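Protein chains in written order, with the working numbering: chain A, 47 to 320; chain B, 6 to 107. What follows is a short report on a single structure.
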């Protein structure tokens, strides 16, 4: 069996494991959305499934990114990309761990804002740097990935869409009276996400040319993860402002899917290098 | 000398699991064009094949690292019947072809 076949077989097993783990994590929330919350046992299941799965997936993503950065050679442009990605994911993991302590250990409703938000916000510059470095690295492959002009066009179009989507979604958030820091964070998360979406869209347009290959799976996972994170943050800000707590399970599902996709991408890159 | 179409099909087949068939084919053809290799020509010289593999390896390094690229290139060479090609593994940050480049 050649190396590519061994790799594909290993990746199929990884896909199946991720699918099962993700399904197990979202089922308690899906049942609640379907009107079958399951009483106190359901609440407990959601508390632990939600916290543990998010922490597990984001920590796994961080480990995959650290492993990938370590395996790329010192002069490989992707090493910097994965170092930045690892820094962002580690910071993010710290935030998620802090939330988990409030919710699952101290059994308190997680305060907002909290120390977790400091970690979450701090992770964005790393993510932005990682994605911008990835665009530059793709450009160095010499493969036909499109022109710089196309990339500028994609960036401009995505920025325009971000404004069109972001403005109406954030207007009620800004209009709702809230403590200054809470208001700032409710606006900052979606704005930072939309900023991240610009390089994500450029990378998606490049990566789609690799459809059918393992490189595509890595970047499809990472980019889907960032897209879902953006959706989750917009839903969180919107539902908080509109006091629609009944839709919280949808936010949890979105975050779990986001972190699982990020982990699949990072682990996929690590497996590609092994 | 090897048949150009067969050589390209082998390269594309070996790269497809990593890059996807569309990109594998597009990359191979783009590099052929840059190296002055006529895709429709009946035969490709060993020097041209060397240069082509070296160019392809430069890009592949960035996605799967140099070590794994060496394995893939080795498999391509083996699939071409031990074409006795020279190692086609430049550093990703260097990489100017000495043979057939513009």
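By construction, the Cβ of each residue, glycine as well, lies at the ideal position given by its N, Cα and C atoms. Being a predicted model, the structure only gives us computed values, none of them experimental.
- Just how far apart, CA to CA, sit residue 67 of chain B and residue 258 of chain A? Locating residue 67 of chain B in the second chain gives position 62, where the first residue counts as 1. Locating residue 258 of chain A in the first chain gives position 212, where the first residue counts as 1. Cα to Cα, the separation comes out at about 18 Å.
- Among the residues of its own chain, which have a CB less than 7 Å from the CB of residue 103 of chain B, if the five just before and after it don't count? By one-based count along the second chain, residue 103 of chain B stands at place 98. Low per-residue confidence applies at residue 103 of chain B: pLDDT is 31, beneath 50, and the placement is therefore not dependable, though the value from the model is reported in the following sentence. Answer for residue 103 of chain B: no residue qualifies.
- Query: Name the chain B residues that come within less than 7 Å of residue 117 of chain A, Cβ to Cβ?
  - Reply: Within the first chain, residue 117 of chain A is the residue found at index 71, counting from 1. Ordered by position in chain B, the residues that pass the 7 Å Cβ test against residue 117 of chain A are 70.
- Message: Give me, in chain order, the residues of the same chain whose beta-carbon lies closer than 6 Å to that of residue 173 of chain A; leave out the 5 immediate sequence neighbours on both sides.
- Response: Taking the first chain and counting its residues from 1, the one referred to as residue 173 of chain A is at position 127. So the list reads 134, 242, once near-sequence residues are dropped.
- Message: Just verifying my parser: in three-state terms, what is the DSSP assignment at residue 119 of chain A?
- Response: If you number the first chain from 1, residue 119 of chain A lands on position 73. Here residue 119 of chain A sits in coil by DSSP.
- Item | Within 8 Å, strictly: CB atoms of residue 180 of chain A and residue 139 of chain A | One-based indexing of the first chain puts residue 180 of chain A at position 134. One-based indexing of the first chain puts residue 139 of chain A at position 93. In this structure, residue 139 of chain A does not lie closer than 8 Å to residue 180 of chain A by Cβ.
- Three-way DSSP call (helix, strand, coil) for residue 100 of chain B in this model: Position 95 of the second chain, counted from the start, is the residue given in the question as residue 100 of chain B. The pLDDT assigned to residue 100 of chain B is 36, lower than 50, so where the model puts this residue is not dependable, and the model offers no usable value.
- Query: Among the residues of its own chain, which have a CB less than 7 Å from the CB of residue 100 of chain A, if the five just before and after it don't count?
  - Reply: Locating residue 100 of chain A in the first chain gives position 54, counting from the first residue. If we look at residue 100 of chain A and ignore the five residues flanking it on each side, its Cβ neighbours are 142, 301, 302, 305.
- Would you list the one or two residues that DSSP bridges to residue 8 of chain B? In the second chain, the residue the question calls residue 8 of chain B occupies position 3. Paired residue(s): B:48.
- Query: Does the beta-carbon of residue 51 of chain A have 16 or more other beta-carbons within 10 angstroms, so that it is buried, or is it exposed?
  - Reply: In the first chain, the residue the question calls residue 51 of chain A occupies position 5. Classification for residue 51 of chain A: exposed.
- Which runs of the alpha helix (DSSP H) fall wholly inside the segment 120-190 of chain A and span at least 4 residues, in chain order? 123-146, 161-185
- Query: Since residue 12 of chain A contacts residue 294 of chain A with CB under 8 Å, what's their CB separation in whole angstroms?
  - Reply: Outside the displayed span of chain A (47 to 320) sits residue 12 of chain A, for which this structure offers no information.
- Query: Going by alpha carbons, who is nearest to residue 260 of chain A out of B:61, B:69, B:80, B:35?
  - Reply: Within the first chain, numbered from 1, the residue matching residue 260 of chain A stands at position 214. Closest option to residue 260 of chain A, Cα to Cα, is B:69.
- Message: Any heavy atom of the ligand ATP closer than 7 Å to the beta-carbon of residue 157 of chain A?
- Response: No copy of the ligand ATP occurs in the structure displayed, which carries no ligand at all.
- Query: Do residue 15 of chain B and residue 46 of chain B have their C-beta atoms within less than 8 Å of each other?
  - Reply: Start at 1 with the first residue of the second chain, and residue 15 of chain B comes out as number 10. Start at 1 with the first residue of the second chain, and residue 46 of chain B comes out as number 41. It is not a contact, given that the beta carbons lie outside the stated cut-off.
- In terms of residues, what are the limits of the alpha helix (DSSP H) holding residue 263 of chain A? For this step, residue 263 of chain A is matched to residue 217 along the first chain. Run containing residue 263 of chain A: 260-287, per the alpha helix (DSSP H) assignment.
- Would you mind stating whether residue 234 of chain A and residue 253 of chain A have Cβ atoms separated by less than 8 Å? Counted from its first residue, the first chain places residue 234 of chain A at position 188. Counted from its first residue, the first chain places residue 253 of chain A at position 207. It is not a contact, given that the beta carbons lie outside the stated cut-off.
- What do you get for residue 125 of chain A, buried or exposed, if any count of 16 or more other CB atoms within 10 angstroms of its CB means buried? Taking the first chain and counting its residues from 1, one reaches residue 125 of chain A at position 79. By the neighbour-count rule (16 or more Cβ atoms within 10 Å), residue 125 of chain A is buried.
- Message: Does residue 41 of chain B come out as helix, strand or coil in the three-state DSSP assignment?
- Response: Counted from its first residue, the second chain places residue 41 of chain B at position 36. Reduced to three states, the DSSP call for residue 41 of chain B is coil.
- Tell me where the alpha helix (DSSP H) around residue 8 of chain A begins and ends. Only positions 47 to 320 of chain A appear in this structure, which leaves residue 8 of chain A out of reach.
- Where does residue 89 of chain B land, buried or exposed, given buried means 16+ other C-beta within 10 angstroms? Mapped onto the second chain, residue 89 of chain B falls at position 84. Note on residue 89 of chain B: pLDDT 47, under 50, position unreliable in the model; the coordinate value appears next. Flag for residue 89 of chain B reads exposed.
- chain A within 8 Å of residue 91 of chain B, Cβ atoms only: The residue you call residue 91 of chain B lines up with position 86 of the second chain. Per-residue confidence for residue 91 of chain B stands at a pLDDT of 47, beneath the threshold of 50, marking its modelled position as unreliable; no derived number is given.
- Task: Compare the Cα-Cα distances from residue 244 of chain A to each of A:272, A:75, A:222 and report the closest residue.
- Result: Here residue 244 of chain A refers to the residue found at position 198 of the first chain. Ranking the options by Cα distance to residue 244 of chain A, first place goes to A:272.
- Task: Using alpha carbons as the reference points, say which of A:203, A:154, A:270 lies closest to residue 312 of chain A.
- Result: As a first step, residue 312 of chain A is located in the first chain; it is residue number 266 there, counting from the start. Minimum Cα distance to residue 312 of chain A is reached at A:270.
- Message: Could you check whether residue 156 of chain A and residue 149 of chain A sit closer than 8 Å to each other, using their CB atoms as the reference points?
- Response: In the first chain, counting from the first residue as 1, residue 149 of chain A sits at position 103. In the first chain, counting from the first residue as 1, residue 156 of chain A sits at position 110. Yes. Within cutoff.
- Under 8 Å Cβ to Cβ from residue 76 of chain A, same chain only, skipping five residues before and after it: list those, please. As a position in the first chain, residue 76 of chain A is number 30, starting the count at 1. Around residue 76 of chain A: 295, 299.
- Query: Using 8 Å as the Cβ pair cut-off and three pairs as the minimum, do the segment 81-91 of chain A and the segment 105-118 of chain A touch?
  - Reply: no
- Item | Short CB-CB distance (under 8 Å) between residue 257 of chain A and chain B | Position 211 of the first chain holds residue 257 of chain A. Cβ-Cβ to chain B under 8 Å: yes for residue 257 of chain A.
- Query: In three-state DSSP terms, what is residue 56 of chain A?
  - Reply: The sequence position of residue 56 of chain A within the first chain is 10, counting from 1. It is helical.
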